[in-house]
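Below is one structure, written out as structure tokens; comments come after it.
Number of protein chains: 2
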Amino acid sequence: MQLQCPMPQLDFDKIMLGHGSGGVLTHKLLESGIFELFKNDLLDERHDGAIFSLPAGTRTAFSTDSYVVSPVFFPGGNIGELAVNGTVNDLAMCGANAQYLSLGLILEEGLPMQSFWDILVAIKFAAQKAGVQIVTGDTKVVERGKGDQIFINTSGIGTVHPKAQIGFRQVQAGDKILISGMVATHGVAIMSVREGLEFETTLESDTCNLNHTVMHLLDAFGEKIHLLRDPTRGGVATTLNEIARDTRLGIDLWQKNIPVSEAVAGACELLGLDPLYVANEGIFMAFVAADAADACLEQLRSLEYGAQAAIIGEVVEAHPRQVVLTSKIGGKRVVNMLIGEQLPRIC
Amino acid sequence: MQLQCPMPQLDFDKIMLGHGSGGVLTHKLLESGIFELFKNDLLDERHDGAIFSLPAGTRTAFSTDSYVVSPVFFPGGNIGELAVNGTVNDLAMCGANAQYLSLGLILEEGLPMQSFWDILVAIKFAAQKAGVQIVTGDTKVVERGKGDQIFINTSGIGTVHPKAQIGFRQVQAGDKILISGMVATHGVAIMSVREGLEFETTLESDTCNLNHTVMHLLDAFGEKIHLLRDPTRGGVATTLNEIARDTRLGIDLWQKNIPVSEAVAGACELLGLDPLYVANEGIFMAFVAADAADACLEQLRSLEYGAQAAIIGEVVEAHPRQVVLTSKIGGKRVVNMLIGEQLPRIC
């Protein structure tokens, strides 16, 4: 489907400094097909911002993320869909369904126009799939050597599910920790390209939008879902440590239940990485009241991105602020937050 | 006042790659005083996004801008206040009062911590002055040579003034064009530092928030104000050309009325710049119904940033889509959009 948007005919094949001037070249770039690609009523107003009315009586969620992933094209996607899915998912973690996205582009002089176009097309389709509109944007160009091809910021506005009561203050001892899919997939996919590694099976990023899945769960389980978090930078271990710190509760983690694909586990061994610290994109963790956890898991497994879901641990009164892993062979060890930088520029 | 926020004691004096890892170093950076600096109830939730309720029955405006200005410190300000004021002003141009800002930081490895802190403090005070809260954020770090000290994205949410009816479709022949202050000040201030020029008087950027001024005008003149635009990149000439194109009307511009300070005019001559194409930050143009224009000018001149306001032209049926300048000595010439890049990375 992504091939349905061929790049328009242009009289330039690389981004030039003048494309960020705000003058004729900027207009030429935008009119070359970019406005057409993202066409919607709000964007067509061509104002400095978009104006809309949010439904009365709803709570609004607002989130931002900049994307600097390197390389910008990787197995399973590119920086464009990452930028859409990442912010859509941050909103989903607030219990919100993304409605509107902004798109801020920082381009490096010399970026091939074909790469730029491919990224924009990925943005368009990812937005369409998530059901979110790109309503306002901005493009800057920096000199060669002052950026790295393309950096993208997306900020998003979403409406919070009426039943959502999500926050670390809701978490209590006894809550079960669900994970929606396999861990470490995104980080290992990026790392394997960087290191030039080839495996028998292609390792692809699992970047995807999680909003529809989360809305289904909230429809069914509402306030039984106490906290949602996507374990991106720093991985599962770091995210759980943040939650243990904020809730002042302990977390027990069961290694045998943590889903990791064989290929990813093998690559991690080869690269000397612990899957618990590797960045994820297409999965989330839900802290769910004990009496709803099994039903929640069952539903999650029936949803689009939840087939591999599992219950990987629980919240406990013991060892407050600490995450304790029970290994496959029954040993216990404290799992700390990621120290330093394991994988720079993973998202 | 900006000296009231001394930098906290830290065990690092430069930004390192690990500060973008999402792990211990990221937390250390944020806990070092940054969370404290921006402290507010929404940010304190430390969620992936902020959750709030907007007043029922209001229209919402949403805008984004990335800031890549070079140098990041310039006479009259730094990239931090520019990033706050710029987005606050984009919202003001939609007739909206900024309520919430997001802050997306892309830092280059090696950025001195003191520079970073000074920029953050500028952000804090600019936000305070504009009456806007920074409620969500994100920090990424790229390797040395893959960025340029710091790039900032701010996205903003504002509530549209109930009386505002702003858009190019409201503009009609006969409308007067008001400008709120001196032109070309920001661009010339940046350019003079880059070129190492020194003038008798220091040329300072006029970056400031325009939201309070615009809200006063909307209180008094409501739907008599047909369009608001801030002539940033591309300057007054480019912005007016965009409006002539979108409205399919002509614009007459009166050079003798265009306020330019003597120092800026002199610097422009020296640098070979036309003030009409130089980027502005702290001014806006208002297209106002003819019967309200004089009263609007009078009020604007009484407001904080409007003392130098002037009526610089009008909308006409003649020469559709063209901007025609009547020079000081009475000659007429067509003023086109900026071609190429006059001043890269001005904002």
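Those protein sequence lines, which keep their order, are chains A and B. The opening position of the first sequence corresponds to residue 1 in my numbering, with each subsequent residue numbered one higher. The opening position of the second sequence corresponds to residue 348 in my numbering, with each subsequent residue numbered one higher. For every residue, glycine included, the Cβ atom is placed at its ideal position computed from N, Cα and C. Computed from a predicted model, the values in this text were never measured in an experiment.
If you count every other CB in all the chains shown that lies within 10 Å of the CB of T548 of chain B, and 16 or more means buried, which is it?
Label assigned to T548 of chain B: exposed.
Terminal residues of the continuous beta strand (DSSP E) containing E573 of chain B?
Going by the sequence as given, residue 573 of chain B is His instead of Glu. Its beta strand (DSSP E) spans residues I572 to R576.
Classify Q4 of chain A: buried if its beta carbon has 16 or more other beta carbons within 10 angstroms, exposed otherwise.
Around the Cβ of Q4 of chain A, a 10 Å sphere holds fewer than 16 other Cβ atoms; the residue is exposed.
Taking DSSP as the reference, what is the three-state secondary structure of G484 of chain B?
G484 of chain B: strand per DSSP, three-state reduction.
Could you check what DSSP says for P350 of chain A in three-state terms: helix, strand or coil?
Outside the modelled stretch of chain A, which goes from 1 to 347, sits residue 350 of chain A, for which no answer is possible.
Only counting the same chain, and skipping five residues up and downstream in sequence, which positions put a Cβ closer than 6 Å to that of V482 of chain B?
Non-local C-beta neighbours of V482 of chain B in its own chain, meaning closer than 6 Å and more than five positions away in sequence, comprise L389, L390, A397 and Y447, ordered along the chain.
Which residue's Cα is closest to the Cα of A445 of chain B: B:F631, B:G660 and B:H508?
Considering only B:F631, B:G660 and B:H508, the residue with the shortest C-alpha distance to A445 of chain B is B:H508.
Uninterrupted beta strand (DSSP E) stretches inside the segment 124-211 of chain A (no shorter than 3 residues)
You should have 133-142, 150-160 and 176-179.
Is K28 of chain A a contact residue of the ligand PLP, with contact defined as CB to any heavy atom under 6 Å?
Absence of the ligand PLP from the depicted structure is noted, as is the absence of any ligand whatsoever, leaving it without description.
From G677 of chain B to N604 of chain B, what distance separates their C-alpha atoms?
Roughly 12 Å separates the two Cα atoms.
Would you grab the beta carbon distance between S608 of chain B and M529 of chain B for me? Rounded to a whole angstrom, and I think it's under 8 Å.
That belief holds up - the Cβ atoms of S608 of chain B and M529 of chain B are roughly 5 Å apart, short of 8 Å.
Flag this pair as yes or no: are the beta carbons of W601 of chain B and G660 of chain B separated by less than 7 Å?
Cβ distance < 7 Å, so W601 of chain B and G660 of chain B count as in contact.
G174 of chain A: which of A:Q114, A:D11, A:D230 and A:H226 sits nearest, CA to CA?
When only C-alpha atoms are compared, the closest one is A:H226.
Does the beta-carbon of G653 of chain B have 16 or more other beta-carbons within 10 angstroms, so that it is buried, or is it exposed?
Buried is the call here.
Based on the DSSP output, what are the partners of L454 of chain B in its beta bridges?
Residue pairing for L454 of chain B: DSSP places it in a beta bridge opposite B:V488 and B:I497.
Do you know offhand how far P55 of chain A's Cα is from V68 of chain A's?
About 34 Å.
Enumerate in chain order the residues of its own chain whose CB-to-CB distance from R406 of chain B is below 6 Å, with the five nearest sequence positions on each side excluded.
Cβ-Cβ distances below 6 Å link R406 of chain B to V507 in the same chain, with the five nearest sequence neighbours on each side left out; the list follows chain order.
What distance in whole Å lies between the Cβ atoms of L218 of chain A and N372 of chain A, which are believed to be in contact at a cut-off of 8 Å?
Beyond the ends of chain A as shown, which are 1 and 347, falls residue 372 of chain A; an answer cannot be given.
DSSP three-state label for G20 of chain A, please.
The DSSP-derived three-state label of G20 of chain A is helix.
Residues of chain A with a CB under 9 Å from the CB of R393 of chain B: which are they?
Contacts between R393 of chain B and chain A, judged by CB atoms closer than 9 Å, involve F168, E242 and D246 in chain order.
Quick one: which chain A residues come within Cβ less than 9 Å of C441 of chain B?
Those within 9 Å of C441 of chain B in chain A are H47, D48, G49, A50 and I51.
Compare the C-beta of N348 of chain A against all C-beta atoms of chain B and say whether one is closer than 7 Å.
There is no way to answer for residue 348 of chain A, as the model of chain A reaches only from 1 to 347.
Using a Cβ-Cβ distance under 7 Å, would T202 of chain A count as near chain B?
Residue-level contact check: T202 of chain A does not touch chain B, since none of the beta carbons of chain B fall below 7 Å from its beta carbon.
Indicate whether at least one CB of chain A lies closer than 7 Å to the CB of R580 of chain B.
By this cut-off, R580 of chain B is an interface position.
Kindly give me the distance between the Cβ atoms of V682 of chain B and A584 of chain B, rounded to whole angstroms, as I take these residues to be in contact under 8 Å.
Yes, they are in contact, since the Cβ atoms of V682 of chain B and A584 of chain B sit about 5 Å apart, within 8 Å.
Selected residue, minimal CA-CA separation from I453 of chain B, among B:D395, B:H563, B:T586 and B:L364
Looking at the Cα atoms, B:L364 is the closest of the given residues.
Quick check on DSSP: helix, strand or coil for Q2 of chain A?
Annotation note: pLDDT 48 at Q2 of chain A (below 50); position unreliable, coordinate value reported separately. In the three-state reduction of the DSSP assignment, Q2 of chain A falls in the helix class.
Neighbour flag for A184 of chain A against chain B, beta carbons, 7 Å
No, because no Cβ of chain B sits closer than 7 Å to the Cβ of A184 of chain A.
Helix, strand or coil: how does DSSP classify R648 of chain B here?
R648 of chain B falls in the helix class under three-state DSSP.
Using a Cβ-Cβ distance cut-off of 7 Å, determine whether R406 of chain B contacts chain A.
Output row for R406 of chain B: interface = yes.
Are the CB atoms of A657 of chain B and I526 of chain B nearer to each other than 7 Å?
When the beta-carbon positions are compared, A657 of chain B and I526 of chain B come within less than 7 Å of each other.
Please report how far the alpha carbon of R345 of chain A lies from the alpha carbon of L596 of chain B, in whole angstroms.
CA-CA distance, R345 of chain A to L596 of chain B, rounds to 48 Å.
Of all Cβ atoms in chain B, is any one closer than 7 Å to the Cβ of A56 of chain A?
Cβ-Cβ to chain B under 7 Å: yes for A56 of chain A.
Apply the 10 Å Cβ neighbour rule to D641 of chain B and answer buried if 16 or more other Cβ atoms are within range, or exposed otherwise.
By the 10 Å Cβ count, D641 of chain B comes out exposed.
According to the Cβ coordinates, are I190 of chain A and I79 of chain A closer than 7 Å?
No.
Counterpart residues of Y447 of chain B in DSSP-defined beta bridges:
B:Q480 and B:I504, per the DSSP bridge assignment.
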